[in-house]
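**Student:**
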Amino acid sequence: MGERKFKCYRKVKRAYTRKSRFKVKGYIKAVPTNKLVKFNFGDNKRTFPHKVYLVSKEKIQVRHNALESARTSVVRRLTKALGRDYHMQVRSYPHHVLRENKMITGAGADRMQTGMQRSFGRAMGLAAQLKVGTPIFCVYCNKEGIPSARKALLSANPKLPGRSAVEVDTK
Numbered sequence: 425m426g427e428r429k430f431k432c433y434r435k436v437k438r439a440y441t442r443k444s445r446f447k448v449k450g451y452i453k454a455v456p457t458n459k460l461v462k463f464n465f466g467d468n469k470r471t472f473p474h475k476v477y478l479v480s481k482e483k484i485q486v487r488h489n490a491l492e493s494a495r496t497s498v499v500r501r502l503t504k505a506l507g508r509d510y511h512m513q514v515r516s517y518p519h520h521v522l523r524e525n526k527m528i529t530g531a532g533a534d535r536m537q538t539g540m541q542r543s544f545g546r547a548m549g550l551a552a553q554l555k556v557g558t559p560i561f562c563v564y565c566n567k568e569g570i571p572s573a574r575k576a577l578l579s580a581n582p583k584l585p586g587r588s589a590v591e592v593d594t595k
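Here it is, written out as C-alpha cells:
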C-alpha cells in the first residue's frame, strides 16, 4: 500500500514527536530512515560573499522525501550552471515523526482494528516543521552566480508544499 496523501499532514496540528534519548520516555520505538543523507554540497571550504535563501512563507510540515526531491533538483541545476563555484546547505532537518493509525474497510474489518483505542499510530515517515521565515535551503555564491542560484531555488518551489520565496542577502 502507498503513502497516505500529505494533505493529512501538511498543517502543523499534532504534537511534536521524535525518538527519545531515553527508552522509558519514548513512545516511538523505531524511526523510519531519513531520505536526506547529505546536507552540504559544492565547495564548502571557500567563503562566498553572497547568500541566496529559499524561505518558508507558511507554518507547514515538509516530508523528508519532498525535501530530498527538491534538493536533487537544486543541486543538479547549480552544478550545471556554476560547476563547483558555490556552497549549498540544507537548513531544515526532518525531526518530526509522522504517524498513521491505519483504518481498514471491508468484510471482517471490525475484528482487525481497534478503532480509536490505542490510536497513537505507527511511524510512517519524517517531516520538518517549518515556521514562517525559516530557511529551507541556503546557497552561498559569487555575484555572478546569484541569478542562477535564484533560478535553481525557484525550481524547488513546486516540489515543496506551501508557499516559499527566494531571498538574496549580500554581506
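Residue numbers (my numbering): 425 to 595. Glycine included, C-beta positions come from ideal geometry on N, C-alpha and C.
1) Determine the contact status of Val521 and Arg442, defining contact as a CB-CB distance below 8 Å.
2) Would you mind giving the Cβ-Cβ distance between Val479 and Gly557, rounded to the nearest angstrom? I have them listed as a contact below 8 Å.
3) So, do the region 571-581 and the region 452-463 have three or more beta carbon pairs nearer to each other than 8 Å?
4) What residue ranges within the region 464-519 form continuous alpha helix (DSSP H) runs of no fewer than 4 residues, ordered along the chain?
5) Considering Ile452, what are the terminal residues of the beta strand (DSSP E) in which it resides?
6) Should Gly466 go down as buried or exposed, given a rule of 16 or more other Cβ atoms within 10 Å for buried?
**Tutor:** Short version:
1) Closer than 8 Å, so yes.
2) 6 Å
3) no
4) 488-506
5) Segment: none, Ile452 is in no beta strand (DSSP E) and carries neither H nor E.
6) Around the Cβ of Gly466, a 10 Å sphere holds 16 or more other Cβ atoms; the residue is buried.
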